[in-house]
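Here is the structure we will look at, set down as structure tokens.
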Amino acid sequence: MKLRQVLNKLKKGEDHDSLNSVPGAMFTAVREFSNESQADEVINNAFEPLQAWIDKADEEEKREHPGENANEEQRKEKRKFTTKKDKAEKDKAEEENAAAAAEEEQDVEAQEEKEAEAMARKQLRSLCDNLVKRGIVQLPVLSWKQAEGAVKEGSVFAQSERHAMQIAGFLFSMYEVKYWWFEVLELMRRLLTCIIISFFFTGTIFQVVVGLMLLFLSLAAHSSLKPFQDISQDNMMFYGLIANFATLLYGISLRLMEVSELRIDSTTYELDLVQILLVAANIFVLVFPITQTLLDLVNELDSKWLDRMEQQVDKALSRIAHNCPHPGHRRRTK
Numbered sequence: 001m002k003l004r005q006v007l008n009k010l011k012k013g014e015d016h017d018s019l020n021s022v023p024g025a026m027f028t029a030v031r032e033f034s035n036e037s038q039a040d041e042v043i044n045n046a047f048e049p050l051q052a053w054i055d056k057a058d059e060e061e062k063r064e065h066p067g068e069n070a071n072e073e074q075r076k077e078k079r080k081f082t083t084k085k086d087k088a089e090k091d092k093a094e095e096e097n098a099a100a101a102a103e104e105e106q107d108v109e110a111q112e113e114k115e116a117e118a119m120a121r122k123q124l125r126s127l128c129d130n131l132v133k134r135g136i137v138q139l140p141v142l143s144w145k146q147a148e149g150a151v152k153e154g155s156v157f158a159q160s161e162r163h164a165m166q167i168a169g170f171l172f173s174m175y176e177v178k179y180w181w182f183e184v185l186e187l188m189r190r191l192l193t194c195i196i197i198s199f200f201f202t203g204t205i206f207q208v209v210v211g212l213m214l215l216f217l218s219l220a221a222h223s224s225l226k227p228f229q230d231i232s233q234d235n236m237m238f239y240g241l242i243a244n245f246a247t248l249l250y251g252i253s254l255r256l257m258e259v260s261e262l263r264i265d266s267t268t269y270e271l272d273l274v275q276i277l278l279v280a281a282n283i284f285v286l287v288f289p290i291t292q293t294l295l296d297l298v299n300e301l302d303s304k305w306l307d308r309m310e311q312q313v314d315k316a317l318s319r320i321a322h323n324c325p326h327p328g329h330r331r332r333t334k
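First residue of the sequence shown? That's 1 in full-length UniProt numbering, and the numbers climb one at a time after it.
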């Protein structure tokens, strides 16, 4: 095809310099034909001798310039090698870029998943807190792990918790985990009450009023939080605060008895009744732990007795079912 293009150019007279490099007889014959199809036929018939002439000319050129041909071949081989190397490097760079892009996309997806999970956890926690505050859902009491095998030995939190229990467990082990600080608040209340009553405003009614207000605040906090793990301990502290509150209230009333109107309106019978009630309230605080312990023991024995009775009833029913014949079974008569 390339040879035909060259010959067509020569036929049209566009490339006169090539006339000396091709046999003139062929182009003389080509120019004699004005018809293109006849010219194509001449070209096709003359292709083989022309190709032989071109191959011969190439061999002569190689013999005349052997170094240039060798250098040309080396350059071609080097160009091929460079092209292959560049292509390999390009393919490697494309693979690395594709791997980096895929890794970056995976990191973005993982980050998005983490953010979505954190958002879902936050919403779920908010919903649970709302349900717990409304009293719709009741959560079990979170207690301290006092047993040695209750938590994993390798856990850092378990070791810290065990260390804290050994040092100051007597201060917070009876409280729920979220109310570990309540004993500190209670100790501050007792300290302030003792200091105010013992050293400040001695002999004045303001002394008893401040103590009464501290007791009232402590009673309100305890009634709202109920910080103990055991409900019986919550009840005991509630009754103790009530007894202390009533005692201080009676102390205020005694100081007010100095007013003539109150002294005239009050009788000895009423004062004796109030004193008896206060003594009974303080005695009840001492008796309550013993009573609560006895009630717990009775409930435990009652539960064991009920379990035992259920087992005996189940055994009796199974024995009766085994001895009695099936309703569909008919006895054989002799």
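Even for Gly, the Cβ is constructed at its ideal location relative to N, Cα and C.
Here the structure is a predicted model, which is why all the values come from computation and not from measurement.
Inset, instruction - Name the two residues that bound the continuous alpha helix (DSSP H) containing ASP234. - result: By 1-based counting over the sequence shown, the position of residue 234 is 234. 231-256 is the span of the alpha helix (DSSP H), which, as asked, contains ASP234.
Legend entry - PHE201 (DSSP reduced to helix, strand or coil): Residue 201 sits at position 201 when you count from the first residue of the sequence shown. It is coil, neither helix nor strand.
Inset, instruction - Taking 8 Å as the cut-off, decide whether the C-beta atoms of TYR179 and PRO140 are in contact. - result: For the purposes of this step, residue 179 is taken as residue 179 along the sequence shown, with counting starting at 1. For the purposes of this step, residue 140 is taken as residue 140 along the sequence shown, with counting starting at 1. No, Cβ-Cβ distance for TYR179 and PRO140 is not below 8 Å.
Inset, instruction - Can you tell me the Cβ-Cβ gap for LYS142 and VAL177, rounded? I've got them flagged as a contact below 8 Å. - result: Here residue 142 refers to the residue found at position 142 of the sequence shown. Here residue 177 refers to the residue found at position 177 of the sequence shown. Position check: residue 142 holds Leu in this sequence, whereas Lys was assumed. Confirmed, Cβ separation roughly 4 Å.
Inset, instruction - Taking only the alpha-carbon atoms, compute the straight-line gap between VAL184 and THR202 and give it to the nearest angstrom. - result: In the sequence shown, counting from the first residue as 1, residue 184 sits at position 184. In the sequence shown, counting from the first residue as 1, residue 202 sits at position 202. Straight-line Cα distance between these residues: approximately 27 Å.
Inset, instruction - For the alpha helix (DSSP H) containing GLU161, list its first residue and its last residue. - result: For the purposes of this step, residue 161 is taken as the residue at position 161 of the sequence shown. 156-172 is the extent of the alpha helix (DSSP H) around GLU161.
Legend entry - 6 Å Cβ shell around LYS133 - same chain, five flanking residues per side excluded: Your numbering for residue 133 matches position 133 in the sequence shown. Cβ within range, chain order: n/a, list empty.
Legend entry - PHE200 to PHE182 span [Cα, whole Å]: Reading the sequence shown from its first residue, position 200 is the one you call residue 200. Reading the sequence shown from its first residue, position 182 is the one you call residue 182. When rounded, the distance between both Cα atoms is 26 Å.
Inset, instruction - Output the distance between the C-alpha atoms of ALA116 and ILE242, rounded to the nearest integer angstrom. - result: Stepping through the sequence shown from its first residue, residue 116 is reached at position 116. Stepping through the sequence shown from its first residue, residue 242 is reached at position 242. Their Cα atoms are separated by approximately 51 Å.
Legend entry - Pairwise C-alpha distance: LYS122 and LEU215: Against the sequence shown, residue 215 aligns to sequence position 215. Against the sequence shown, residue 122 aligns to sequence position 122. For LEU215 and LYS122, the distance between alpha carbons rounds to 38 Å.
Inset, instruction - Sort ILE252, PHE157, GLY211 by Cα distance to MET188 and report the nearest one. - result: The residue labelled residue 188 in the question sits at position 188 within the sequence shown. Of the listed residues, the one whose Cα sits closest to MET188 is GLY211.
Legend entry - Residues sharing a beta bridge with GLU228, DSSP: Reading the sequence shown from its first residue, position 228 is the one you call residue 228. For clarity, residue 228 is Phe in the given sequence; the question names Glu instead. Per DSSP, TYR175.
Inset, instruction - Give a yes or no on whether the C-beta atoms belonging to ALA246 and ALA281 are separated by under 8 Å. - result: Mapped onto the sequence shown, residue 246 falls at position 246. Mapped onto the sequence shown, residue 281 falls at position 281. Against a cut-off of 8 Å, the Cβ pair of ALA281 and ALA246 comes out as a contact.
Legend entry - Environment of VAL313 [buried if 16+ CB atoms lie within 10 Å]: Position 313 of the sequence shown, counted from the first residue, corresponds to residue 313. The residue in question, VAL313, is exposed, as its Cβ has fewer than 16 Cβ neighbours within 10 Å.
Inset, instruction - Pick helix, strand or coil for PRO289, following the three-state DSSP scheme. - result: Along the sequence shown, one-based indexing puts residue 289 at 289. Correct three-state label for PRO289: helix.
Inset, instruction - Spatial neighbours of VAL285 within its chain, please: CB distance less than 6 Å, with the 5 preceding and 5 following residues excluded, ordered by chain position. - result: The residue you call residue 285 lines up with position 285 of the sequence shown. Hits under 6 Å: TYR239, GLY240, ALA243.
Inset, instruction - Would you identify the three-state DSSP class for GLN106, choosing helix, strand or coil? - result: Stepping through the sequence shown from its first residue, residue 106 is reached at position 106. Looking at GLN106 - three-state DSSP - the assignment turns out to be helix.
Legend entry - Buried/exposed call for ARG162, threshold 16 Cβ in 10 Å: Here residue 162 refers to the residue found at position 162 of the sequence shown. Its Cβ being crowded by 16 or more others within 10 Å, ARG162 is buried.
Legend entry - C-beta contact flag for PRO232 and GLN292 at 8 Å: Start at 1 with the first residue of the sequence shown, and residue 232 comes out as number 232. Start at 1 with the first residue of the sequence shown, and residue 292 comes out as number 292. It should be noted that the sequence gives Ser, not Pro, for residue 232. Yes, they are a contact pair.
Legend entry - Identity of the residue in GLN207, MET165, LYS304, GLU109 nearest LEU249 by Cα: Taking the sequence shown and counting its residues from 1, the one referred to as residue 249 is at position 249. Comparing Cα positions, the closest option is GLN207.
Legend entry - Backbone CA spacing between ALA120 and CYS128 [nearest angstrom]: Along the sequence shown, read from residue 1 onward, the residue named residue 120 stands at position 120. Along the sequence shown, read from residue 1 onward, the residue named residue 128 stands at position 128. Distance between the alpha carbons of ALA120 and CYS128 is about 12 Å.
Legend entry - Short Cβ contact (8 Å threshold) for PRO289 with MET236: In the sequence shown, the residue the question calls residue 289 occupies position 289. In the sequence shown, the residue the question calls residue 236 occupies position 236. Cβ distance < 8 Å, so PRO289 and MET236 count as in contact.
Inset, instruction - Return yes when the Cβ of VAL279 is within less than 8 Å of the Cβ of ILE252, no when it is not. - result: Reading the sequence shown from its first residue, position 252 is the one you call residue 252. Reading the sequence shown from its first residue, position 279 is the one you call residue 279. In this structure, VAL279 does not lie closer than 8 Å to ILE252 by Cβ.
Inset, instruction - Using only alpha-carbon positions, find the residue among LEU192, GLU186, ASP230, GLN159 that is nearest to LEU171. - result: For the purposes of this step, residue 171 is taken as the residue at position 171 of the sequence shown. It is GLU186 whose Cα lies nearest to the Cα of LEU171.
Inset, instruction - Helix, strand or coil for ILE195, going by three-state DSSP, please let me know. - result: Counted from its first residue, the sequence shown places residue 195 at position 195. If DSSP states are grouped into helix, strand and coil, ILE195 belongs with the helices.
Inset, instruction - Compute every distance between the C-beta of ILE320 and the non-hydrogen atoms of the ligand ZN, then say whether any falls below 7 Å. - result: This structure lacks the ligand ZN; in fact it carries no ligand of any kind.
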